[in-house]
Amino acid sequence: MIKIEKLTKTFGSIKAVDDISLEIFKGESLGLVGESGSGKSTLARLILGLIKQDNGEIKGIAKRDCQIVFQDPQTSLNPRIKIGEAIAEPMLIREMFPKEEIAGRVEKLLGLVMLNKEFANHYPHELSGGERQRVGIARALSSNPKFLILDEPVSSLDVSTQVEILKLLKNIKQKLDLTYLFIAHDLLIINYMCDRIAVMKAGKILEIGTKEQIIHNPQRPYTKLLLSSSV
Amino acid sequence: MKRGKFGLLVLIILLGFAVLAPVIAPYDPDEIVESQTLAPSFNHLFGTDDLGRDIFSRAVFGARISLTVGFAAVAIAIIVGVFFGSIAGFYGGFIDSLLMRFVDIMLAFPSIFLILTVQAMLSPNIYNVMVVIGLTSWMGVARLVRGEFLRIRELQYVEAAKSIGCSDFRIIVRHILPNAQAPIIVAATLGMAGAILTESSLSFLGLGVQPPMASWGNMLMDAQAYMRDAPWMATIPGALILITVLSLYFVGEELREKLDVRS
Numbered sequence: 018m019i020k021i022e023k024l025t026k027t028f029g030s031i032k033a034v035d036d037i038s039l040e041i042f043k044g045e046s047l048g049l050v051g052e053s054g055s056g057k058s059t060l061a062r063l064i065l066g067l068i069k070q071d072n073g074e075i076k077g078i079a080k081r082d083c084q085i086v087f088q089d090p091q092t093s094l095n096p097r098i099k100i101g102e103a104i105a106e107p108m109l110i111r112e113m114f115p116k117e118e119i120a121g122r123v124e125k126l127l128g129l130v131m132l133n134k135e136f137a138n139h140y141p142h143e144l145s146g147g148e149r150q151r152v153g154i155a156r157a158l159s160s161n162p163k164f165l166i167l168d169e170p171v172s173s174l175d176v177s178t179q180v181e182i183l184k185l186l187k188n189i190k191q192k193l194d195l196t197y198l199f200i201a202h203d204l205l206i207i208n209y210m211c212d213r214i215a216v217m218k219a220g221k222i223l224e225i226g227t228k229e230q231i232i233h234n235p236q237r238p239y240t241k242l243l244l245s246s247s248v
Numbered sequence: 031m032k033r034g035k036f037g038l039l040v041l042i043i044l045l046g047f048a049v050l051a052p053v054i055a056p057y058d059p060d061e062i063v064e065s066q067t068l069a070p071s072f073n074h075l076f077g078t079d080d081l082g083r084d085i086f087s088r089a090v091f092g093a094r095i096s097l098t099v100g101f102a103a104v105a106i107a108i109i110v111g112v113f114f115g116s117i118a119g120f121y122g123g124f125i126d127s128l129l130m131r132f133v134d135i136m137l138a139f140p141s142i143f144l145i146l147t148v149q150a151m152l153s154p155n156i157y158n159v160m161v162v163i164g165l166t167s168w169m170g171v172a173r174l175v176r177g178e179f180l181r182i183r184e185l186q187y188v189e190a191a192k193s194i195g196c197s198d199f200r201i202i203v204r205h206i207l208p209n210a211q212a213p214i215i216v217a218a219t220l221g222m223a224g225a226i227l228t229e230s231s232l233s234f235l236g237l238g239v240q241p242p243m244a245s246w247g248n249m250l251m252d253a254q255a256y257m258r259d260a261p262w263m264a265t266i267p268g269a270l271i272l273i274t275v276l277s278l279y280f281v282g283e284e285l286r287e288k289l290d291v292r293s
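Written as structure tokens, this is what we have:
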């Protein structure tokens, strides 16, 4: 579905993404692990088109079919915009639906992330962290993307909320037939969410394979180190 | 009573006087109604001036002028400042450097001389006063707004707005500006105090609001020759300027604390 070829992005003298080639298959959930600063987020932003690569290509998907769920639901929602408007914004901008249908769509999206439709009239600060992340998911889904990047979507939530959100994400993926790129540093979560795992370090993909291969039979010492430190 | 509340109360009273000036003023402010330089009395609360006009009536109409000029000048300064500041802060890089150097150049001019020159060249009427004050006092706002934009543009909700495909204009106006409004409100309040002072200075020098129209500044100018014989002619407009400016500062400081704005 997405084919990344020899993608490179440098910031100053740092190679954040260093000659990465990678394929993401339709319908799969690919986990991306690595320590902070390994280039995971840069890779995500390149795929989204938020930043421009120095070299290489991303093929197979239009920019409008990609969306992202951010890590921190505290700061990823504009404090002055009501939940309903935040969810409606992608639809309004892309003029995907007639104006009079949008309110109904917002209600449906809130239902999809299992929030009461009353939330549409609330401001972000009136919501809990878990509720906000649900809103973040609803906003990402509102323009009907085919591919979703989840950038550590649960790492700032408490454990019981993490489980709820992960279940929800799994459920939604099935319902809407989505493809995920799931960024995390917790291998337990990756193991639960993903089919394949890519290990990233210093801008390069060290190792990629099915989760059984990576978790039970890691080839690289760095992968072993990651496994031993997080499990 | 807290200073901020006190200031607000004073401003509301002044605003009331300004709006209701024709109702409140007992006499026509430009009409000679009595002998010259009468001391304050029951008939003439603040006395009369060198031509025999009622100072209370002139002060009330002067409040109109001072507040209007102050408000309009600040509005112009805010519009220009927000425009330059948001573009500089949002785009950064070369555009930012260019605009900020322009701000530095504008700041390097001693603005009172710039205003005097412009006023001397143009006909010094009340509209020119507003525009000139506005166009020489936007630089602080621009710097402030730029700083806020630099901070806010790094927040995740701005990145989220980009990722859903918002245009730059939409991000600036809908996502960043509303979150930068607190310091702008504070700057506007304090800026209005400055604008009222500038208007008074200009009118005092004869380059602002032109007689016979009353402004606190030109009332002060008229009072110069009568400091000894009719001190109320100077004290009344002087005190009004002081009270207004002080009240605006009190309110501005209170807002700064309430809205948690770092200066």
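Each protein sequence line maps, in turn, to chains A and B. Each residue of the first sequence is one higher than the one before, counting from 18 in the working numbering. Each residue of the second sequence is one higher than the one before, counting from 31 in the working numbering. Don't be surprised by glycine CBs; every beta carbon is placed ideally from N, CA and C.
For PHE76/B, the secondary structure class from DSSP, reduced to helix, strand or coil, is coil. Spatial neighbours of ASP259/B in its own chain (CB-CB distance under 7 Å, excluding positions within 5 residues in sequence) are listed in chain order as THR67. LEU127/A sits close to PHE136/A, with the two beta carbons spaced by under 7 Å. Nearest C-alpha to VAL216/B among LYS288/B, ARG131/B, ILE142/B and GLY46/B: LYS288/B. According to the DSSP assignment, LEU165/A belongs to no alpha helix (DSSP H) but to the beta strand (DSSP E) extending over 164 to 168.
Between the region 208 to 222 of chain B and the region 164 to 174 of chain B there are three or more C-beta pairs closer than 8 Å, enough to call the two in contact.
Excluding five sequence positions before and after LEU38/B, the CB atoms of its chain that fall closer than 7 Å to its own CB belong to VAL281, given in chain order. Residues of the same chain with a CB within less than 7 Å of the CB of THR166/B, apart from the 5 flanking positions on each side, are SER141, LEU144 and ILE145 in chain order.
Taking C-beta atoms under 8 Å as the contact rule, LEU276/B and TRP246/B fail to qualify, at a distance of about 14 Å. The beta carbon of GLY268/B sits closer than 7 Å to the beta carbons of LEU250 from its chain, once the five residues preceding and following it are set aside; these are given in chain order. Along the region 180 to 195 of chain B, the positions whose C-beta sits under 9 Å from a C-beta of chain A are LEU185, GLN186, TYR187, VAL188, GLU189, ALA190, ALA191, LYS192, SER193, ILE194 and GLY195, read in chain order. If you draw a straight line from the Cα of ARG183/B to the Cα of GLN91/A, it comes to about 15 Å.
The residues VAL99, GLU229, LEU232, GLY238 and VAL239, in chain order, have a CB closer than 7 Å to that of VAL159/B in the same chain once the five nearest residues on each side in sequence are set aside. By the beta-carbon neighbour count (other beta carbons within 10 angstroms, threshold 16), THR196/A is buried. ILE62/B is positioned such that its CB atom lies no closer than 7 Å to that of PHE76/B. PHE179/B is positioned such that its CB atom lies closer than 7 Å to that of ILE206/B. Non-local C-beta neighbours of LYS43/A in its own chain, meaning closer than 7 Å and more than five positions away in sequence, comprise MET18 and THR196, ordered along the chain.
Following the DSSP letters along the chain, one finds PHE113/B inside the alpha helix (DSSP H) bounded by residues 85 to 121. Secondary structure note for ASN158/B: its alpha helix (DSSP H) is the uninterrupted segment 156 to 165. With respect to the 7 Å criterion, ILE207/A and VAL50/A are classified as neighbours on the basis of their beta carbons. Beta-bridge partners of GLN84/A (DSSP): LEU165/A. Think of a sphere of 9 Å around the beta carbon of GLN84/A: the chain B residues whose beta carbon falls inside it are SER193 and ILE194, in chain order. Note on the region 188 to 265 of chain B: whole alpha helix (DSSP H) runs with a minimum of 4 residues are 211 to 234 and 246 to 253, in chain order.
The Cβ atoms of ALA191/B and SER93/A do not sit closer than 7 Å to each other.
Taking the C-beta atoms as reference points, ALA55/B is found no nearer than 7 Å to SER96/B. Interface residue (Cβ-Cβ distance to chain B less than 7 Å): PRO107/A is classified as such.
Three or more Cβ pairs closer than 8 Å define a contact, and the region 130 to 145 of chain A falls short of that threshold against the region 159 to 166 of chain A. What THR92/A touches in chain B, judged by beta-carbon distance under 8 Å, is LEU185, GLN186 and TYR187, going in chain order.
Linking ARG83/B to THR274/B through their CA atoms gives a straight-line distance of about 23 Å.
A Cβ of chain B is located within less than 7 Å of the beta carbon of LEU67/A. By the beta-carbon neighbour count (other beta carbons within 10 angstroms, threshold 16), PRO242/B is exposed. A direct Cα-to-Cα measurement between LEU81/B and SER65/B gives close to 8 Å. Distances from the alpha-carbon of PHE91/B to those of TYR256/B, ALA244/B and ASP290/B put ALA244/B closest. At the C-beta level, SER145/A and GLN88/A stay beyond 7 Å of one another.
If you look at ILE37/A, you'll find it in the beta strand (DSSP E) that goes 31 to 41. The alpha-carbon separation between VAL86/A and ILE154/A amounts to approximately 6 Å.
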